[in-house]
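Student:
Chains as they are written, first to last, in the numbering used here: chain D, 2 to 151; chain X, 2 to 151; chain P, 2 to 151; chain A, 2 to 151.
#1: Taking all protein chains shown into account, do 16 or more other C-beta atoms lie within 10 angstroms of the C-beta of residue 45 of chain A, making it buried, or fewer, making it exposed?
#2: Just how far apart, CA to CA, sit residue 22 of chain X and residue 83 of chain P?
#3: Please state the DSSP three-state secondary structure of residue 23 of chain A.
#4: Using a C-beta to C-beta distance shorter than 7 angstroms, which residues of chain X count as neighbours of residue 41 of chain D?
#5: By the 10 Å Cβ neighbour count, where 16 or more other Cβ atoms means buried, how is residue 135 of chain A classified, buried or exposed?
#6: I want to verify the contact list: residues of chain P whose CB lies under 9 angstroms from the CB of residue 82 of chain D, in sequence order.
#7: Enumerate in chain order the residues of its own chain whose CB-to-CB distance from residue 51 of chain X is below 6 angstroms, with the five nearest sequence positions on each side excluded.
#8: If you count every other CB in all the chains shown that lies within 10 Å of the CB of residue 137 of chain A, and 16 or more means buried, which is it?
#9: What are the start and end residues of the beta strand (DSSP E) that includes residue 120 of chain P?
#10: In this structure, how does DSSP classify residue 38 of chain A when only helix, strand and coil are distinguished?
#11: Can you list the beta strand (DSSP E) stretches of 3 or more residues lying completely in the segment 27 to 104 of chain A, in chain order?
#12: With DSSP run on the structure shown, which of helix, strand or coil describes residue 143 of chain A?
#13: According to DSSP, simplified to helix, strand and coil, what is residue 17 of chain D?
#14: Between which residues of its own chain and residue 60 of chain A is the CB-CB distance below 8 angstroms, once the five residues before and five after are set aside?
#15: Rounded C-beta distance between residue 43 of chain D and residue 72 of chain X? I'm assuming under 8 angstroms.
#16: Go ahead and label residue 37 of chain X buried or exposed: buried means 16 or more other beta carbons lie within 10 angstroms of its beta carbon, across all protein chains shown.
#17: Which term fits residue 141 of chain P, buried or exposed, when burial requires 16 or more other beta carbons within 10 angstroms of its beta carbon?
#18: Assuming residue 41 of chain X and residue 76 of chain X form a contact by the criterion Cβ under 8 angstroms, report the distance between their Cβ atoms to the nearest whole angstrom.
#19: Determine whether the beta carbon atoms of residue 112 of chain A and residue 13 of chain A lie at a separation below 8 angstroms.
#20: Tell me whether residue 130 of chain A sits in a helix, a strand or coil according to DSSP, three-state version.
#21: Please list the partners that residue 108 of chain P has in chain A, where partner means a Cβ-to-Cβ separation under 8 angstroms.
#22: Give me the Cα-Cα distance between residue 132 of chain A and residue 123 of chain A, rounded to the nearest whole angstrom.
#23: Determine the chain D residues that contact residue 63 of chain P at a beta-carbon separation under 9 angstroms, and present them in chain order.
#24: Give me the residue from P/35, P/6, P/16 and P/31 with the minimum Cα distance to residue 87 of chain P.
#25: Am I right that residue 103 of chain A and residue 109 of chain A are in contact with their C-beta atoms under 8 angstroms? What's the rounded C-beta distance?
#26: Among residues of its own chain, excluding the 5 on either side of residue 39 of chain P, which ones have a beta-carbon nearer than 7 angstroms to its beta-carbon?
#27: Less than 8 angstroms between the CB atoms is what I'm expecting for residue 90 of chain A and residue 20 of chain A, so what's the real figure, rounded?
#28: Can you name, in chain order, every residue of its own chain whose Cβ lies under 7 angstroms from the Cβ of residue 128 of chain X, other than the five neighbours on each side?
#29: Less than 6 angstroms between C-beta atoms, sequence neighbours within five positions excluded: which residues of the same chain meet that for residue 151 of chain D?
#30: If we define contact as Cβ-Cβ less than 8 angstroms, is residue 26 of chain X a contact residue for chain P?
#31: May I have the straight-line CA-CA distance separating residue 56 of chain X from residue 96 of chain X, to the nearest angstrom?
#32: Going by alpha carbons, who is nearest to residue 65 of chain P out of P/125, P/147, P/143 and P/145?
#33: According to a CB-to-CB cut-off of less than 7 angstroms, which residues of the segment 44 to 57 of chain P neighbour chain D?
#34: Which word fits residue 143 of chain A, buried or exposed, when buried means at least 16 other C-beta atoms lie within 10 angstroms of its C-beta?
#35: Can you look up residue 12 of chain X in the DSSP assignment and give me helix, strand or coil?
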């Protein structure tokens with residue numbers, strides 16, 4: 002049942018992009034910990050900023066013909082998070098396909114990894130999957146968690 | 002990259018529990034569709050009610066020694082959802098382990114499956130994984146998506 | 002400190018529009034009740050649907066030159082709400098100005114009013130306050146909580 | 002219709018407590034700006050941390066007999082907020098009653114006030130309004146936006 006985790010994924014230094022998150026009062030649910038989907042929001046926030054460094058600050062503008070679509074999101078919860086803990090999200094890429102790719106992230110509390118997230122995304126232009134441009138591909142290659150093996 | 006899906010998973014009739022969801026204005030994000038994590042909330046809401054039918058209405062009470070902990074959440078987005086569409090979430094179990102199990106769900110719009118979710122959960126008592134009781138196991142067995150093969 | 006409330010505001014029959022809301026697991030906060038801003042979301046959801054009956058189903062479309070802007074939101078909490086209670090939001094108008102108006106709402110649990118909300122909104126065209134059209138004004142007049150006195 | 006605002010309320014220096022907020026991708030709604038209730042979350046987050054400086058870090062613990070209950074929340078929107086702008090929330094007290102009080106806040110973008118919030122709260126012990134202790138009252142008096150007149 003449990004997911005095998007590459008030790009590299011548990012190390013903040015493996016990730017190209019670091020984003021600080023403060024847990025908020027409203028993130029806590031009735032079980033007294035930060036709600037699972039509130040944690041998922043931390044990944045989303047970090048991923049948005051991380052990807053703006055690749056696709057540009059206007060990547061979410063409706064006028065932009067390029068759109069990045071989430072097709073699968075896999076989140077692992079390794080330990081509970083509580084308010085008002087401070088957290089850091091590490092973000093990088095772990096797979097580069099033709100039009101699809103994987104953004105892999107980890108959540109850290111005091112340097113300890115408390116969660117993982119893998120988002121599979123697809124580059125879409127005019128509603129159809131479109132190959133990643135060479136320029137984007139180069140920027141992404143510099144942000145890989147591990148060198149891609151052929 | 003894309004996930005192979007058992008056709009059974011795309012059929013609402015496969016799921017023991019049906020829960021109606023109205024999309025809300027606040028669920029829409031800047032891309033003009035229902036936000037991915039708002040969709041994840043629909044699954045969470047349906048899962049909470051579905052599981053209350055197995056573990057009891059007090060399953061989220063802090064005084065309850067039994068706690069069900071989410072360890073992994075995997076969500077697939079098959080099609081966009083828009084406000085003010087009406088949706089139905091189907092919920093069932095797809096795996097019963099000793100203390101862990103998988104709750105599998107699907108989201109339907111006008112009978113068409115637009116998303117899937119698989120949540121791996123663990124039964125915990127006093128902070129430690131604890132085997133599912135025979136009573137719970139029987140209730141869960143009646144709500145399987147497919148007969149478990151030995 | 003406490004707000005004087007017109008008894009009419011506490012009666013669901015005073016409101017032109019009724020909207021059913023199911024509380025959700027994720028709406029509950031660490032205090033064990035439905036979070037105050039989750040309650041505010043119920044009002045927002047009901048208000049969106051209520052206003053679509055006046056301004057049209059495309060009122061939130063970005064292409065629509067008319068935009069309704071919230072300038073003030075005042076929410077009163079009369080009693081706690083808990084999961085999984087079922088609620089009803091009543092919505093009506095309580096003031097019609099030239100370009101601004103007030104949408105007044107109340108939240109009911111088993112017929113008892115547990116909260117009030119007054120949203121002051123302004124009709125805006127091309128970024129500037131614009132008088133409400135006669136057609137809209139007539140539709141709004143039919144949905145007043147009380148006849149407006151001159 | 003429009004609220005008269007004391008100029009002091011528009012000045013960050015009037016507030017005892019400052020809290021930095023980063024807007025997030027998920028806070029943006031279909032109108033392309035930060036959703037009104039996402040803004041309300043910023044105030045809630047700042048208010049929670051501000052009040053922990055008065056009532057203690059355990060103020061939200063369920064075991065704490067003292068509970069601070071929100072009875073009214075009034076939020077004014079002076080200007081739109083967009084992602085990924087950085088904001089600051091200023092928090093102070095503007096009224097101290099026997100058991101009730103008002104926490105007044107303002108939201109700033111590049112030093113310009115873009116919103117106001119006034120939350121009326123009541124100190125409750127064992128479910129009943131209870132006078133604020135002298136110790137809490139002193140801590141609150143030091144955090145007033147303006148000296149209270151007798």
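Don't be surprised by glycine CBs; every beta carbon is placed ideally from N, CA and C.
No experiment lies behind these values; they were computed from the predicted model shown.
Tutor: To lay it out plainly:
#1: Working through the fourth chain from its first residue, we reach residue 45 of chain A at position 44. Buried is the call here.
#2: Numbered from its first residue, the second chain carries residue 22 of chain X at position 21. Numbered from its first residue, the third chain carries residue 83 of chain P at position 82. C-alpha separation (whole angstroms): 19 angstroms.
#3: Taking the fourth chain and counting its residues from 1, one reaches residue 23 of chain A at position 22. DSSP places residue 23 of chain A in strand when its eight states are reduced to three.
#4: The count along the first chain starts at 1 and reaches residue 41 of chain D at position 40. Result: 38 and 41.
#5: Mapped onto the fourth chain, residue 135 of chain A falls at position 134. Exposed, by the Cβ-count rule.
#6: Start at 1 with the first residue of the first chain, and residue 82 of chain D comes out as number 81. The contacting residues do not exist; residue 82 of chain D stays about 13 angstroms from chain P at best.
#7: Translated into the one-based positions of the second chain, residue 51 of chain X becomes position 50. Contacts found: 18 and 92.
#8: For this step, residue 137 of chain A is matched to residue 136 along the fourth chain. By the neighbour-count criterion, in which 16 or more other beta carbons inside 10 Å mark a residue as buried, residue 137 of chain A falls on the buried side.
#9: Translated into the one-based positions of the third chain, residue 120 of chain P becomes position 119. Residue 120 of chain P -> beta strand (DSSP E) spans 113 to 126.
#10: For the purposes of this step, residue 38 of chain A is taken as the residue at position 37 of the fourth chain. The answer is helix: DSSP assigns residue 38 of chain A an H, G or I state.
#11: Whole beta strand (DSSP E) segments, 3+ residues: 67 to 78 and 87 to 97.
#12: Reading the fourth chain from its first residue, position 142 is the one you call residue 143 of chain A. Of the three classes helix, strand and coil, the one that applies to residue 143 of chain A here is coil, per DSSP.
#13: Locating residue 17 of chain D in the first chain gives position 16, counting from the first residue. The three-state reading of DSSP puts residue 17 of chain D in coil, since its state is none of H, G, I, E or B.
#14: Within the fourth chain, residue 60 of chain A is the residue found at index 59, counting from 1. Closer than 8 angstroms at the Cβ level, and outside the excluded window around residue 60 of chain A, lie 52, 53, 67 and 69.
#15: Looking up residue 43 of chain D in the first chain gives position 42. Looking up residue 72 of chain X in the second chain gives position 71. In fact, because the Cβ distance is near 17 angstroms, the residues do not count as touching under 8 angstroms.
#16: To locate residue 37 of chain X, count along the second chain from 1; it is residue 36. With 16 or more other Cβ atoms inside 10 Å of its own Cβ, residue 37 of chain X counts as buried.
#17: Along the third chain, read from residue 1 onward, the residue named residue 141 of chain P stands at position 140. It counts as buried.
#18: For this step, residue 41 of chain X is matched to residue 40 along the second chain. For this step, residue 76 of chain X is matched to residue 75 along the second chain. Confirmed, Cβ separation roughly 6 angstroms.
#19: In the fourth chain, the residue the question calls residue 112 of chain A occupies position 111. In the fourth chain, the residue the question calls residue 13 of chain A occupies position 12. Yes, the pair counts as a contact, with Cβ atoms nearer than the cut-off.
#20: As a first step, residue 130 of chain A is located in the fourth chain; it is residue number 129 there, counting from the start. In the displayed model, residue 130 of chain A falls within a strand according to three-state DSSP.
#21: Along the third chain, one-based indexing puts residue 108 of chain P at 107. Neighbours of residue 108 of chain P on chain A: none; closest Cβ ~14 angstroms, over 8 angstroms.
#22: Counting from one through the fourth chain, the residue named residue 132 of chain A turns up at place 131. Counting from one through the fourth chain, the residue named residue 123 of chain A turns up at place 122. In a straight line, the C-alpha of residue 132 of chain A is about 9 angstroms away from that of residue 123 of chain A.
#23: Within the third chain, numbered from 1, the residue matching residue 63 of chain P stands at position 62. Simply 63.
#24: The sequence position of residue 87 of chain P within the third chain is 86, counting from 1. For the residues P/35, P/6, P/16 and P/31, the minimum Cα distance to residue 87 of chain P belongs to P/35.
#25: In the fourth chain, residue 103 of chain A corresponds to position 102, counting from 1. In the fourth chain, residue 109 of chain A corresponds to position 108, counting from 1. That belief does not hold up - the Cβ atoms of residue 103 of chain A and residue 109 of chain A are roughly 20 angstroms apart, past 8 angstroms.
#26: Against the third chain, residue 39 of chain P aligns to sequence position 38. Within the same chain, residue 39 of chain P has close Cβ partners 28.
#27: Start at 1 with the first residue of the fourth chain, and residue 90 of chain A comes out as number 89. Start at 1 with the first residue of the fourth chain, and residue 20 of chain A comes out as number 19. About 5 angstroms; that satisfies the 8 angstroms criterion.
#28: Your numbering for residue 128 of chain X matches position 127 in the second chain. For residue 128 of chain X, same chain residues with a beta-carbon under 7 angstroms away, outside a window of 5 residues either side, do not exist.
#29: The residue labelled residue 151 of chain D in the question sits at position 150 within the first chain. Low per-residue confidence applies at residue 151 of chain D: pLDDT is 45, beneath 50, and the placement is therefore not dependable, though the value from the model is reported in the following sentence. Cβ within range, chain order: n/a, list empty.
#30: On the second chain, residue 26 of chain X is found 25 positions in, with the first residue counted as 1. By this cut-off, residue 26 of chain X is an interface position.
#31: As a position in the second chain, residue 56 of chain X is number 55, starting the count at 1. As a position in the second chain, residue 96 of chain X is number 95, starting the count at 1. Spanning the two alpha carbons is a distance of roughly 16 angstroms.
#32: In the third chain, counting from the first residue as 1, residue 65 of chain P sits at position 64. Looking at the Cα atoms, P/125 is the closest of the given residues.
#33: Going along the segment 44 to 57 of chain P in chain order, one finds no residue with a Cβ nearer than 7 angstroms to chain D.
#34: Start at 1 with the first residue of the fourth chain, and residue 143 of chain A comes out as number 142. Label assigned to residue 143 of chain A: exposed.
#35: For the purposes of this step, residue 12 of chain X is taken as the residue at position 11 of the second chain. Of the three classes helix, strand and coil, the one that applies to residue 12 of chain X here is coil, per DSSP.
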